[in-house]
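Count along the sequence shown from 1, then add 5; that gives the number in the working numbering. Where is the CB? At the ideal position from N, CA and C, for every residue including glycine. Quick caveat: nothing in here was measured; it's all calculated off a predicted structure. Reading through the structure tokens given below for one structure.
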Amino acid sequence: MDLEIVSLADRPDLAPQLEQDFEGAWPQFMLWDPMGSVYYAVAHDLYPEFVFAAVDPADPKRAVARAYAVPVHWTEPELPDGGWDSMIQRAAIDRVTGATPTMVSALEICIRPDWRGRGLSALMLSAMRRAVARLGYDTLDR
């Protein structure tokens, strides 16, 4: 599979497609978490180096998969019990207080329904790991 995986820092033009092309990709109840809106409303602007898109070179203006992550300051040996919304909350607090992130937490990998079943989740996770390593982090937790 010949896909290019880029961050929104590199391809900000893809931001609208990450919403439009993925409409209906999640069941409706997944959109009800109030902490999700705290992150997703600002992710493209505040965390573009941690938002990823897989692009088919045959259609380079359309993303076929997306992945979101968030940098956090976390020094405990275990992740919080609260799950992904706790990491979003932690990232927001860190940003306001100026805490230096120590790791990156993966929040989502989503594949367009017509591209599912091709192993893209593993490809996206691997690309996320490489990207955060290039940014100087040794931990991408999920």
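Can you tell me the Cα-Cα spacing of residue i and residue j, whole angstroms?
i, j, result
"A68", "Q22", "6 Å"
"T80", "G122", "36 Å"
"Y73", "S91", "15 Å"
"A63", "I10", "14 Å"
"F34", "Y142", "32 Å"
"W89", "G41", "9 Å"
"E24", "R95", "24 Å"
"E83", "E113", "20 Å"
"D86", "A97", "17 Å"
"W37", "D119", "24 Å"
"A111", "R134", "9 Å"
"M129", "H49", "18 Å"
"T102", "K66", "37 Å"
Just reading off the beta strand (DSSP E) that residue i is part of, what are its end residues?
i, result
"E9", "9–12"
With DSSP as the reference, identify every bridge partner of residue i, one or two as the case may be.
i, result
"Y73", "V56, E113"
"M108", "V77"
"L145", "V109"
"A68", "V60"
Residue i and residue j look like a contact to me (Cβ under 8 Å); what is the Cβ gap, rounded to whole Å?
i, j, result
"V47", "P76", "The Cβ separation is near 13 Å, so there is no contact."
"E54", "L140", "6 Å"
"W127", "F57", "It is worth fixing the name first, because residue 127 is Ala in this sequence and not Trp. No, A127 and F57 are not in contact; Cβ-Cβ is about 14 Å, not under 8 Å."
"S12", "A138", "The pair is not a contact, with the Cβ atoms about 13 Å apart (cut-off 8 Å)."
"L125", "A59", "6 Å"
Here's a check: name, in chain order, each residue in its chain whose Cβ is nearer than 7 Å to the Cβ of residue i, leaving out the five neighbours to either side.
i, result
"H78", "D99, A104, T105, P106, T107"
"F27", "R71, C115, R117"
"D7", "P62"
Between which residues of its own chain and residue i is the CB-CB distance below 6 Å, once the five residues before and five after are set aside?
i, result
"Y44", "I93"
"L19", "A58, A68"
"A14", "P53, E54"
Locate the alpha helix (DSSP H) running through residue i, then write down its first and last residues.
i, result
"T102", "89–102"
"P39", "39–45"
"A138", "125–139"
"L51", "48–51"
"P1", "Since the first residue shown for the chain is 6 and the last is 147, residue 1 is missing from the structure and cannot be characterised."
Enumerate in chain order the residues of its own chain whose CB-to-CB distance from residue i is below 8 Å, with the five nearest sequence positions on each side excluded.
i, result
"L51", "R100"
"A32", "The displayed chain sequence assigns Pro, not Ala, to residue 32. Contacts found: none."
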